[in-house]
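Visitor: Okay, handing you the structure first.
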Amino acid sequence: MERRTFLRIGGGAAGAMLVPVFGNAIAAEELLNPVALPFKKALADAGLNAATKAGASYCDVRIGRYLNQFITTRDLNVENVVNTESYGVGVRVIANGAYGFASTNDVSPDGVAGAARQAVAIARANAKLQTEPLQMAPVKGVGEVSWATPMTRDWRTVPVKDKADMLVAASKAGLDAGATFMTANLFQVNQQKYFASTDGSYIDQDIHRLWAPVTATAVDKANNRFRTCNSMAAPVGMGFEYFDARAADKVRAAGGVATLYTRSTDLAEDARAAGRGAKMKLTAKSVEPGKYDLVLSPEHLFLTIHESVGHPTELDRVLGYEANYAGTSFATLDKWQTKKFKFGSDRVNFIADKTTPGSLGAVAFDDEGVRCKRWDIIRDGVLVNYQATRDQAHVIGEKESHGCSYADSWNSVQFQRMPNVSLAAGKDKLTPDEMIADVKKGIYILGRGSYSIDQQRYNFQFGGQLYFEIKNGKIVGPLEDVAYQSNTQEFWNACSAICDQRDWRMGGSFFDGKGQPSQVSAVSHGSATTRFNGINVINTARKIG
Amino acid sequence: MKQMNHDEAKRICDRVLGFSRADECRVSIAGSRKGNIRYAQNSVSTAGLTENTQLTVSVAFGKRQGTTSINEFDDKSLERAVRRAEEIARLAPENPQFMPAIGKQAFKPSNTFTAATAAIDPEYRAEVASHSILAGRKNKLVTAGFFVDTTGFQAIANSNGLFGFQEFTDLDFTVTARTEDGRGSGWVTRSAGDVRKFDAREASEVAIEKALRSVDARALEPGRYTVILEPAATSELIGRMFGSFDARRADEGRSFLSKKGGGNRLGEKLFDEQVNIWADPWDKDVPVLPWDAGSMMARERTDVVRKGKIVSLDYSQYWAQKQGVKPTARHGNMIMSGGSKSLEELVASTKKGVIVTRTWYIREVDPQSLLLTGLTRDGTFYVENGKIKHPIKNFRFNESPVSMLNNVEEMGRPQIIGGDEVQYSMLIPPMKLRDFNFTSLSDAV
């Protein structure tokens, strides 16, 4: 689930003191100097040795330096520029068959050793209420290795003014296109993560993510109406070259109703479309509720995938570890054991993959030192696997972890988080226009809107950004007040067509929340344009007093 | 870093202000120690203690502003933070809507600190967990829960002579109890500033009883029903509405409080006459800091809704100046008047209705009407002739808090609601409401 609290980046004088959750500030130019590897190895060894000496049967040390910059604009004004850094060490141990975790921002051998001893003491205390000892799938140490997000233009080297100018230019394009108000944000994340464990791994990773969401609002004061429209470009795991728009990375939506983006984006063009979209929504026809064939663009479908496929196949939820907050799952072990549970129609194939280039979740190793990989979750419509960490693999009879462990900070304990989960493209050649030509009564939906799903991931309701009515194979005009309701299993079994690989692209969730205390992670979800037949659509227009 | 006292915080703020060469400087220091214990499957899964103190400095040259923060407090680090903020300010474009730092304020202390809460230790947290774990095992239930206690302080200062310092404590507890076969689930939440008013055993029993009673839920047709919403079930719905009380958004035509033709609906009656809501930093049950850290302005006791009428909106410094009115500090709590009846008494006076323990995954569908969607969860029951007849399957709803507060039949005794799903400390009653709009059924337990 996405949590709104992490979006309160807020700008302006009133919010200037409210530096958000991501840590302590540092000058941007200082962020380019990574901490020396021999120093990190020595620190990690201090923690591993202290934990082992204190009686731990296993220990991992994560040294994290999290470097971020956020820029917020409102109309043509830059409201805030915030640079943050967070640096520290988290130590996880197993002692007496139980986990213990402690963290410190005292980045010295003594500080890390102290945290390791504290983690062992916590593990011993936890063991008293533990019903059975932890079982960890084996991991072979990989020695000293490094990995970095592939990129050609490091966001940290781009002047703040250039970035602010880019956001202001985008807002101007939106205003020129008919918006009354524009807001734009640029989120830039760098995670320098060092992992070491008693298995013999010393893994250094340098991870980068970017997102530039833009929102247009159009107001009709005379009729007391307003509508918003968001930009379509996805958050990505790549460098600032993402904003160097290339014609080859543009995709034409069905009927030419929008321009969409793959490996680079044109922020001004995207914002202009948002401005136009917001204005268009003020006068769009209100939808007639009923059953429709839905044609869902990847810019919209990624969030439905995230909520209805990504979360229910998290093994910790299936086992009940999120029961108090994020919930459990309908995709229970007995359903998986039958090897016949029809999660979706035969054409539905979901793949988990933490190695997809450009994706938000792409890394080489997870946060317990497991090499990342690709595996099937739904094959030909049948539930065939889950997402697991080292302590869960034995539950599903696997000899190794899926590499799904993640912590959002050095001071957060790592736990099971979703990898990139994507819907495979259709096997037959099919374009979005050809798909629509086949629809008598339908709605084409683009962009992420409101989203809500129950705690076992059955019943959901989703809205989008742009809706277009399809009649007898043609897009006939914009619609408003659309949301669709379904049950996860019914919905995926209603999947009647998937466009081919030429149309496949990723959307992404930048602030996905889970756990107590809550942590955020970022994942991408790919798909091609996909059709679902006979889905219940409601009209969301309401009058209040 | 240990909890700072008043004098230590003042000394550090003065050092930072002294280092600044900018036209103005604002400082805030926030420190906290958070202890937690998390459990699931009747077993502790994680337990931890997080301590952090962060200083944020914001400087301005004219209308150019820069902000940085650090967690080191020696002179060299403090000066470095100020210089970095100054560097960012020089790089930043001018913000025409920048507002200068406010002058000295009189902050009347509120009672936000309790020594007994600050003294909570790992043994106490383990004992909290053990109440539901052991009772769960005894009742053949599977419990999962989370307890977190916070002891912290906040200091604010600026170059116009403003200074404030105050300590605070609080705790939040949630438990879910589920039957082993997954057919029943119950939940409870408790929040308090003073641990002496918190009873983990009592809370756990509520979740356990709901789990046992919720087995074999029957399906009720979706539609409009009279509902009895427990305070936790309404907190997020109402909290989201108060997030939309911003005067600027209303005046600009992008709020449910916008008026046709322009302007806002301040002074209009939008809710049932029984609805009275106010903010009060000195409330004995939900005290909050007497300032808003963002603006550094002093909070005041403020009526928000009186007898169903909108009596105040939130004015930022910029918008207040533009409109020629007094700016307002952001509220820290929301208090809603209720009645004297218990939840059981509300049930006893109900002919037909639905009791909702908890709502889940609430999202805004339409900001124009504040239409929200979400689901019921962990204890939904059907009431007939004053008695709980049987558990029912969970519903999805599509409803606006504006409509809800127009359909009030009766209210019970207010209860404290906190935690990370609501943006205010809240004191709100259980409410019996007409015509609540359930739009579909969920099979989730």
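Line by line, the protein sequences give chains Y and B. Taking my numbering as reference, the numbering of the first sequence is continuous, increasing by one, and the terminal residue is 545. Taking my numbering as reference, the numbering of the second sequence is continuous, increasing by one, and the terminal residue is 445. Heads up, the beta-carbon is just placed ideally off N, CA and C, and yes, glycines get one too.
Using a Cβ-Cβ cut-off of less than 8 angstroms, list which residues of the segment 387-412 of chain B approach chain Y; keep chain order.
Guide: Hits within the stretch, in order: Asn-394, Arg-396, Asn-398, Ser-400, Val-402, Ser-403, Asn-406.
Visitor: B:Thr-67 bridges to which residues according to DSSP?
Guide: In DSSP, B:Thr-67 forms a bridge with Y:Val-82, B:Ser-58.
Visitor: If we ignore side chains and look at the alpha-carbon of each, how far apart do Y:Gln-461 and Y:Ile-544 end up?
Guide: Straight-line Cα distance between these residues: approximately 22 angstroms.
Visitor: In whole angstroms, what separates the C-alpha of Y:Leu-282 from that of B:Thr-151?
Guide: So the alpha carbons of these two residues sit roughly 48 angstroms apart.
Visitor: Give me the subset of the segment 118-135 of chain Y whose CB atoms are less than 7 angstroms from a CB atom of chain B, sorted by chain position.
Guide: Hits within the stretch, in order: Ile-122, Ala-125, Asn-126, Leu-129, Gln-130, Thr-131.
Visitor: For Y:Lys-471, write down the residues that DSSP places opposite it in a beta bridge.
Guide: Y:Lys-471 pairs with Y:Lys-441, Y:Lys-474.
Visitor: Tell me which same chain residues have a C-beta within less than 6 angstroms of the C-beta of B:Lys-352, skipping the five on either side of it?
Guide: So the qualifying residues of the chain are Glu-384.
Visitor: Are the segment 13-26 of chain B and the segment 34-54 of chain B in contact at 8 angstroms, needing three or more beta carbon pairs?
Guide: In short, these stretches do not touch, since the Cβ pair count stays below three.
Visitor: Between the alpha carbons of Y:Gln-455 and B:Leu-134, how many angstroms are there, rounded?
Guide: C-alpha separation (whole angstroms): 25 angstroms.
Visitor: Got a sec: is the Cβ-Cβ distance from B:Glu-384 to anything in chain Y below 9 angstroms?
Guide: No, because no Cβ of chain Y sits closer than 9 angstroms to the Cβ of B:Glu-384.
Visitor: Figure out for me which residue from B:Lys-309, B:Arg-190, B:Glu-236 has the closest Cα to the Cα of B:Asn-276.
Guide: Residue B:Lys-309 is the option with its Cα nearest to B:Asn-276.
Visitor: Per DSSP, what kind of secondary structure is B:Val-82 in: helix, strand or coil?
Guide: Reduced to three states, the DSSP call for B:Val-82 is helix.
Visitor: Can you name the residues that DSSP bridges to B:Ala-30?
Guide: BP columns for B:Ala-30 point to B:Gln-54, B:Gln-154.
Visitor: Quick one: is B:Gly-418 buried, meaning 16 or more other Cβ sit within 10 Å of its Cβ, or exposed?
Guide: B:Gly-418 should be labelled buried.
Visitor: Among residues of its own chain, excluding the 5 on either side of Y:Ala-400, which ones have a beta-carbon nearer than 8 angstroms to its beta-carbon?
Guide: Contrary to the premise, residue 400 of chain Y reads as Glu rather than Ala in this sequence. Answer for Y:Glu-400: Ala-137, Pro-138, Val-139, Val-370, Ala-393, listed in chain order.
Visitor: If the criterion is Cβ atoms closer than 9 angstroms, does the pair Y:Gly-508 and Y:Ala-522 meet it?
Guide: A contact, by the Cβ cut-off of 9 angstroms.
Visitor: Counting only runs of 3+ residues fully inside the segment 340-370 of chain B, write out the beta strand (DSSP E) ranges in chain order.
Guide: The qualifying runs are 352-366.
Visitor: Could you spell out the range, first to last residue, of the beta strand (DSSP E) harbouring B:Arg-396?
Guide: Here the beta strand (DSSP E) through B:Arg-396 covers 394-399.
Visitor: As an exercise, report each continuous alpha helix (DSSP H) stretch of at least 4 residues that is fully enclosed by the segment 278-354 of chain Y, in chain order.
Guide: List check, alpha helix (DSSP H) in window: 298-305, 315-319, 333-338.
Visitor: Please list, in chain order, the chain Y residues whose beta carbon lies closer than 9 angstroms to that of B:Ala-200.
Guide: Chain Y residues near B:Ala-200: none, gap ~14 angstroms exceeds 9 angstroms.
Visitor: Can you tell me whether Y:Leu-479 is helix, strand or coil according to DSSP?
Guide: Y:Leu-479 falls in the strand class under three-state DSSP.
Visitor: Would you list, in chain order, the members of the segment 440-463 of chain Y that have their beta-carbon closer than 7 angstroms to a beta-carbon of chain B?
Guide: Residues Ser-450, Tyr-451, Ser-452, Ile-453, Asp-454, Gln-455, Gln-456, Tyr-458, Asn-459, Gln-461, Gly-463.
Visitor: Among the residues of its own chain, which have a CB less than 7 angstroms from the CB of B:Tyr-361, if the five just before and after it don't count?
Guide: The residues are Gly-374, Leu-375.
Visitor: Tell me the rounded alpha-carbon separation between Y:Gln-192 and B:Leu-55.
Guide: Roughly 23 angstroms between the two C-alpha positions.
Visitor: Can you list the beta strand (DSSP E) stretches of 3 or more residues lying completely in the segment 36-81 of chain Y, in chain order?
Guide: Taking only runs of at least 3 residues, the beta strand (DSSP E) segments lying wholly in the segment 36-81 of chain Y are 58-74.
Visitor: How many Å lie between Y:Asn-68 and Y:Val-81 at the Cα?
Guide: Going by the C-alpha atoms only, they are around 11 angstroms apart.
Visitor: For B:Gly-262, collect the residues of the same chain with a Cβ closer than 8 angstroms to its Cβ; drop the 5 residues on either side in sequence, then sort them by chain order.
Guide: Hits under 8 angstroms: Asp-251, Gly-253.
Visitor: Which one or two residues does DSSP pair with B:Asn-264 in a beta bridge?
Guide: Paired residue(s): B:Ser-258.
Visitor: Using a Cβ cut-off of 9 angstroms (strictly closer), state whether Y:Val-395 contacts chain B.
Guide: For Y:Val-395, the answer is no, since every Cβ of chain B falls outside 9 angstroms of its Cβ.
Visitor: Which residues in chain Y have a C-beta closer than 7 angstroms to the C-beta of B:Arg-178? List them in chain order.
Guide: The answer, in chain order, is Ala-323.
Visitor: Using DSSP with H/G/I as helix, E/B as strand and the rest coil, what is B:Pro-391?
Guide: In the structure shown, B:Pro-391 sits in a strand (DSSP, three-state: E or B).
Visitor: Out of curiosity, what's the CA-to-CA distance linking Y:Phe-365 and Y:Ala-44?
Guide: So the alpha carbons of these two residues sit roughly 17 angstroms apart.
Visitor: In three-state terms, what does DSSP make of B:Leu-162?
Guide: The answer is coil: DSSP assigns B:Leu-162 none of H, G, I, E or B.
Visitor: If we ignore side chains and look at the alpha-carbon of each, how far apart do Y:Lys-163 and Y:Val-35 end up?
Guide: In a straight line, the C-alpha of Y:Lys-163 is about 26 angstroms away from that of Y:Val-35.
Visitor: Anything in chain Y within Cβ reach of B:Asn-36, meaning under 8 angstroms, just list it in chain order.
Guide: Correct list: Gln-516, Pro-517.
Visitor: Count the other C-beta atoms from every protein chain shown that fall within 10 angstroms of the C-beta of B:Asp-216, then say buried if there are 16 or more, exposed otherwise.
Guide: B:Asp-216 should be labelled exposed.
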